[in-house]
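A.B. asks: All letters in the sequence shown, in the order written, are residues -5 to 340 by the numbering used here.
First the structure, which I've put down as structure tokens, then a few questions once you've had a look.
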Amino acid sequence: PGEPGEPKNLELPQLTAGELRGGWKLLFDGRTTEGWRNYRSDKLSDGWQVRNGALEKTRSGAGDIVTAQQYQNFELSLEYRISKGGNSGIMFRVTEDDPRPWASGPEVQVQDNVDGRDPQKAGWLYQLYQPQKPEWAVKFENQVGFKGIDMDDATRPAGEWNHVYLRVSPKQCEVAVNGVSYYYFNIGSDDWNKRVAASKFAQFPQFGKAAKGHICLQDHGDPVAYRNIRIRELSEDGTVADPVDGQLNITGTPAFPEIAWEGYEGVDDEGRIQTMRPLELTHAGDGSQRIFVASQIGTIFVLPGDAAVKEAKLFLDIRDRVQDFRKDAEEGLLGLAFHPQYRSNG
-5 PGEPGEPKNL ELPQLTAGEL RGGWKLLFDG RTTEGWRNYR SDKLSDGWQV
45 RNGALEKTRS GAGDIVTAQQ YQNFELSLEY RISKGGNSGI MFRVTEDDPR
95 PWASGPEVQV QDNVDGRDPQ KAGWLYQLYQ PQKPEWAVKF ENQVGFKGID
145 MDDATRPAGE WNHVYLRVSP KQCEVAVNGV SYYYFNIGSD DWNKRVAASK
195 FAQFPQFGKA AKGHICLQDH GDPVAYRNIR IRELSEDGTV ADPVDGQLNI
245 TGTPAFPEIA WEGYEGVDDE GRIQTMRPLE LTHAGDGSQR IFVASQIGTI
295 FVLPGDAAVK EAKLFLDIRD RVQDFRKDAE EGLLGLAFHP QYRSNG
């Protein structure tokens, strides 16, 4: 049963078995404010209340709040609901040396992008980074001679829930809004230092310098709510260890140990290794039991479903129409599918 006053259909935050095994933890349980306190205080003001499974700022003077624990490298996932014209923020690696949390912790902006007054939009890393098209997308557009739309605002309107994903890692940091990757950055890089020097944060010597710190939710004077707040800590090198449930005593056995590929030699006339890279094994659904193998270079082979097969026959060669994956960022032939009626029309 829920708490008194809770809607009967209220969905409280919970972690799946996979998330638990993957190291995710809840920073907010949807019922209590445990794990949160006001900035530079050991208590939480009553201006922050739990309402309908969300941590909500309910009155003026509520104050900025921080996690009880500090975090170094992590992935943070949460949802926010901002009021009409409202403003808030999500800061990280916040220390409490300065009266202002943003003097130490970089801020992911939270705002109503329609009626908000701040030129820094929701999802932007305040005065430092804003949405930009990935290099691979720009390269692809240049290759095909087509320019797609610029995705600079993936937010939903004020009053609706928006999702923010933040990764802070020594390898690469990222911010995504509603599933759309906004930008990547590396704290302490030349690019980072140049941007900080050109921002208002240049006057704060401790800005972005802490190796770890608190997560901070900002009280900017406007109503705002947060929910489904969860975090996964990363190792010092920024990786996530694969969960291990046990061990199985199994060994790998080559499926076709004696197979040769028609028209393919492992080395060229000068002794250089030739890469084929099979990507997919599939069937045509025609009852023949034949196996089709698609390679990334643009060749498709066919062989009988027999482990003793000696040769895979070349079925289709479209190398003249496929980008060379060794030159064009892992492109090439990336998949193979047959018509559902291949038995009759193939």
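We put the beta carbon where it would ideally sit given N, CA and C, even for glycine.
1. Taking leucine 14 as part of the alpha helix (DSSP H), name the residues at either end of that continuous run.
2. Roughly how many whole angstroms lie between the Cα atoms of glycine -4 and leucine 21?
3. Starting from phenylalanine 332, follow the alpha helix (DSSP H) in both directions and report where the run begins and ends.
4. Exposed or buried, what is proline 93 when buried is set at 16 or more other beta-carbons lying within 10 Å of its beta-carbon?
5. Classify leucine 70: buried if its beta carbon has 16 or more other beta carbons within 10 angstroms, exposed otherwise.
6. Leaving out five residues on either side along the sequence, give the residues of the same chain with a beta carbon under 6 Å from the beta carbon of threonine 269.
7. Who does threonine 89 pair with in a DSSP beta bridge?
8. Under the rule that 16 or more other beta-carbon atoms within 10 Å means buried, what is valine 158, buried or exposed?
9. What is the DSSP secondary structure of glutamate 50, reduced to helix, strand or coil?
10. Looking at the structure shown, is phenylalanine 319 part of a helix, part of a strand, or coil, going by DSSP?
11. Among residues of its own chain, excluding the 5 on either side of arginine 75, which ones have a beta-carbon nearer than 6 Å to its beta-carbon?
12. With DSSP as the reference, identify every bridge partner of serine 193, one or two as the case may be.
13. Please state whether DSSP places phenylalanine 134 in a helix, a strand or coil.
14. Buried or exposed for asparagine 81, please, with buried defined as at least 16 other CB atoms from any protein chain shown within 10 angstroms of its CB.
15. For the putative contact between leucine 330 and threonine 276, defined by C-beta atoms under 8 Å, what is the C-beta separation to the nearest angstrom?
16. Name, in chain order, the residues that DSSP records as bridge partners for histidine 157.
17. Would glutamine 126 and glycine 117 qualify as a contact pair, given that the criterion is a beta-carbon distance under 8 Å?
18. Helix, strand or coil: which one does DSSP assign to glutamate 129?
19. I'd like the list of long-range same chain contacts for valine 44, defined as Cβ closer than 8 Å, with 5 residues on each side in sequence excluded.
20. Is the separation between the beta-carbon of glutamate 90 and that of tyrosine 33 shorter than 8 Å?
21. Below 8 Å on the Cβ atoms is my contact criterion, and I expect cysteine 210 with valine 88 to pass it. Report the Cβ-Cβ distance as a whole number of Å.
22. Can you list, in chain order, the residues of its chain with a C-beta nearer than 7 Å to that of phenylalanine 201? Leave out the 5 residues immediately preceding and following it.
23. Could you give the DSSP three-state label for tryptophan 118: helix, strand or coil?
24. Quick check on the DSSP output: what are the complete beta strand (DSSP E) runs of length 3 or more inside the segment 250 to 330, in order along the chain?
25. Would you mind working out which of Glu227, Arg53, His208 and Ser39 sits nearest glutamate 13, comparing C-alpha positions?
26. In or out: proline 248 buried (at least 16 other Cβ within 10 Å) or exposed?
27. From lysine 165 to alanine 301, what distance separates their C-alpha atoms?
C.D. replies: The relevant details are as follows:
1. As a position in the sequence shown, residue 14 is number 20, starting the count at 1. From DSSP, the alpha helix (DSSP H) with leucine 14 extends over 11 to 15.
2. Here residue -4 is taken as the residue at index 2 of the sequence shown, counted from 1. Here residue 21 is taken as the residue at index 27 of the sequence shown, counted from 1. Because the pLDDT of glycine -4 is 45, which lies under 50, any placement of that residue in the model is unreliable, and the question is left without a value.
3. Counting from one through the sequence shown, the residue named residue 332 turns up at place 338. No alpha helix (DSSP H) holds phenylalanine 332; DSSP gives it neither H nor E.
4. Translated into positions along the sequence shown, residue 93 becomes position 99. The residue in question, proline 93, is exposed, as its Cβ has fewer than 16 Cβ neighbours within 10 Å.
5. For the purposes of this step, residue 70 is taken as residue 76 along the sequence shown, with counting starting at 1. Its Cβ being crowded by 16 or more others within 10 Å, leucine 70 is buried.
6. Counting from 1 along the sequence shown, the entry for residue 269 is found at position 275. So no residue of the chain qualifies.
7. Taking the sequence shown and counting its residues from 1, one reaches residue 89 at position 95. DSSP, once it has assigned bridges, lists no residue as partnering threonine 89.
8. The sequence position of residue 158 within the sequence shown is 164, counting from 1. By the neighbour-count rule (16 or more Cβ atoms within 10 Å), valine 158 is buried.
9. The residue labelled residue 50 in the question sits at position 56 within the sequence shown. The answer is strand: DSSP assigns glutamate 50 an E or B state.
10. Indexing the sequence shown from 1 puts residue 319 at position 325. DSSP places phenylalanine 319 in coil when its eight states are reduced to three.
11. Within the sequence shown, numbered from 1, the residue matching residue 75 stands at position 81. Around arginine 75: Trp155 and Ala219.
12. Here residue 193 refers to the residue found at position 199 of the sequence shown. Answer is none; serine 193 lacks a bridge partner.
13. Reading the sequence shown from its first residue, position 140 is the one you call residue 134. Helix, per DSSP.
14. Looking up residue 81 in the sequence shown gives position 87. That one is buried.
15. For the purposes of this step, residue 330 is taken as residue 336 along the sequence shown, with counting starting at 1. For the purposes of this step, residue 276 is taken as residue 282 along the sequence shown, with counting starting at 1. Threonine 276 and leucine 330 do touch by the CB rule: their CB atoms are close to 6 Å apart, below 8 Å.
16. Taking the first residue of the sequence shown as position 1, residue 157 is located at position 163. BP columns for histidine 157 point to Glu73.
17. Residue numbering aside, residue 126 sits at position 132 when the sequence shown is read from its first letter. Residue numbering aside, residue 117 sits at position 123 when the sequence shown is read from its first letter. Contact: no.
18. Mapped onto the sequence shown, residue 129 falls at position 135. If DSSP states are grouped into helix, strand and coil, glutamate 129 belongs with the helices.
19. For the purposes of this step, residue 44 is identified with residue 50 of the sequence shown, where counting begins at 1. Same-chain partners within the cutoff: Gly24, Arg25, Thr26, Thr27 and Glu50.
20. For the purposes of this step, residue 90 is taken as residue 96 along the sequence shown, with counting starting at 1. For the purposes of this step, residue 33 is taken as residue 39 along the sequence shown, with counting starting at 1. Judged by beta-carbon spacing, tyrosine 33 lies within the 8 Å limit of glutamate 90, meaning their Cβ atoms are closer than that value.
21. As a working mapping, residue 210 is identified with position 216 in the sequence shown. As a working mapping, residue 88 is identified with position 94 in the sequence shown. With a Cβ gap of about 4 Å, cysteine 210 and valine 88 count as contacting.
22. Working through the sequence shown from its first residue, we reach residue 201 at position 207. If we look at phenylalanine 201 and ignore the five residues flanking it on each side, its Cβ neighbours are Ala97, Ser98, Val190 and Phe195.
23. Along the sequence shown, read from residue 1 onward, the residue named residue 118 stands at position 124. For tryptophan 118, the three-state secondary structure derived from DSSP is coil.
24. List check, beta strand (DSSP E) in window: 272 to 276, 285 to 289, 293 to 297 and 305 to 311.
25. Your numbering for residue 13 matches position 19 in the sequence shown. Minimum Cα distance to glutamate 13 is reached at Glu227.
26. Taking the first residue of the sequence shown as position 1, residue 248 is located at position 254. Exposed, because fewer than 16 other Cβ atoms sit within 10 Å of the Cβ of proline 248.
27. Residue mapping note: residue 165 aligns to position 171 of the sequence shown, counting from 1. Residue mapping note: residue 301 aligns to position 307 of the sequence shown, counting from 1. Whole-angstrom Cα-Cα distance: 43 Å.
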